[in-house]
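> A single structure is presented below for examination.
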Amino acid sequence: MRPIELNKRQQHILEIVKDKGPITGEQIAEKLSLTRATLRPDLAILTMAGFLDARPRVGYFYTGKTGAQLLTEKIGKLTVKEYQSIPVVVNESASVYDAICTMFLEDVGTLFVVNGSSCLVGILSRKDLLRASMGKQELEQMPVNIIMTRMPNITTCSADDLLSDVAQILITKQIDGLPVVNKKDGSSNSDMEVTGRITKTSITKAFVDIANNRIV
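Numbering (the numbering used here), first residue to last: 517 to 732.
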């Protein structure tokens with residue numbers, strides 16, 4: 517992952533602020549023989565990136581943070597809700613055959629199994645479906661609730677969880693994704709509505725966004 521790249525003028529601005537800060541935008545512009553309007557985009561980039569901070573009637577000052585520190589802060593602030601995708605669910609009464617078709621058509625590695633109240637009751641992985649298909653069972657007659665992993669043996673996350681924490685869970689448990697759930701008001705801990713999914717692909721997208729400076 518490449519560090520944030522600054523142009524020569526932005527690097528010069530940092531040196532000025534390091535040496536003279538706090539310093540106003542007008543004073544920086546004067547030292548560079550530029551207009552305040554010309555300098556405004558550079559100051560905005562440096563401030564949004566975290567290299568500089570600004571205080572009204574005081575001016576700009578250097579935060580003292582390195583590119584690596586700023587990158588760590590960005591990663592640490594990302595939450596699941598920013599990168600979760602639409603969940604792919606099947607009803608617990610669906611057949612294994614239907615689940616295989618759904619997984620193939622939706623091109624996902626995990627299916628979330630819900631009951632009639634749309635609450636999470638299980639998870640189906642590629643391995644679960646492959647294992648079932650290798651036997652001589654009638655897949656069209658076998659309900660998925662026979663082969664799924666059941667609650668409470670399911671790891672979940674919420675939309676407000678940190679993406680870095682979820683990434684650690686995926687690594688530790690060696691799984692492809694987690695259901696994003698929301699506990700229904702006035703219900704028990706087991707009554708959780710599936711509102712999204714977070715996967716290794718989702719987390720990879722977050723890192724790509726950071727690398728391309730799409731996150732400030």
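Even for Gly, the Cβ is constructed at its ideal location relative to N, Cα and C.
Quick check on DSSP: helix, strand or coil for residue 605?
Strand.
> Pair every Cβ in the segment 659-675 with every Cβ in the segment 598-609, then say whether three or more of these pairs are closer than 8 Å.
With the cut-off at 8 Å, the segment 659-675 and the segment 598-609 touch.
> Starting from the Cα of residue 695, find the closest Cα among 630, 611 and 550 and give me that residue.
With distances taken between Cα atoms, residue 695 lies closest to 630.
> Once you ignore the five residues that flank residue 666 on each side, which residues in its own chain have a CB closer than 8 Å to its CB?
So the qualifying residues of the chain are 637 and 638.
> Starting from residue 665, follow its DSSP beta bridges and name the residues at the other end.
639.
> Do residue 538 and residue 575 have their CB atoms nearer than 7 Å?
In contact: residue 538 and residue 575 (Cβ atoms closer than 7 Å).
> Taking only three categories from DSSP, how would you classify residue 518?
Caution is warranted here: a pLDDT of 47 is assigned to residue 518, below 50, making its placement in the model unreliable, and the coordinate value is therefore given only provisionally. In the structure shown, residue 518 sits in coil (DSSP, three-state: anything other than H, G, I, E or B).
> Count the C-beta pairs between the segment 682-695 and the segment 620-628 that are closer than 8 Å, then say yes if the count reaches three, no if not.
Yes: at least three Cβ pairs fall under 8 Å.
> Name the DSSP bridge partner or partners of residue 576?
Paired residues: 539 and 570.
> Quick check: the Cα distance between residue 542 and residue 565, rounded to an integer number of angstroms?
Cα to Cα, the separation comes out at about 21 Å.
> Helix, strand or coil: how does DSSP classify residue 596 here?
Three-state result, residue 596: helix.
> Given a threshold of 16 other Cβ atoms within 10 Å of its Cβ, counted over all protein chains shown, does residue 672 qualify as buried or as exposed?
By the neighbour-count rule (16 or more Cβ atoms within 10 Å), residue 672 is buried.
> How long is the line joining the alpha carbons of residue 720 and residue 641, rounded to whole angstroms?
Approximately 20 Å between the Cα atoms of the pair.
> Within the present structure, is the beta-carbon of residue 677 separated from the nearest heavy atom of the ligand ADP by less than 6 Å?
Within the structure as shown, the ligand ADP is missing, as the structure has no ligands at all.
> I'd like to check one pair, residue 709 with residue 634: are the Cβ atoms closer than 7 Å?
It is a contact, given that the beta carbons lie within the stated cut-off.
> Put residue 546 into one of helix, strand or coil per three-state DSSP.
If DSSP states are grouped into helix, strand and coil, residue 546 belongs with the helices.
> Here's the rule: buried if 16 or more other CB atoms are within 10 angstroms of the residue's CB, otherwise exposed. What is residue 681?
So residue 681 ends up on the exposed side.
> Whole angstroms are fine: how far does the CA of residue 614 sit from the CA of residue 621?
Rounded to the nearest angstrom, the two C-alpha atoms are 10 Å apart.
> Taking the beta strand (DSSP E) that residue 695 belongs to, which residues open and close that run?
From DSSP, the beta strand (DSSP E) with residue 695 extends over 693-699.
> Looking only at DSSP bridge pairs, what is residue 628 linked to?
DSSP, once it has assigned bridges, lists 605 and 639 as partnering residue 628.
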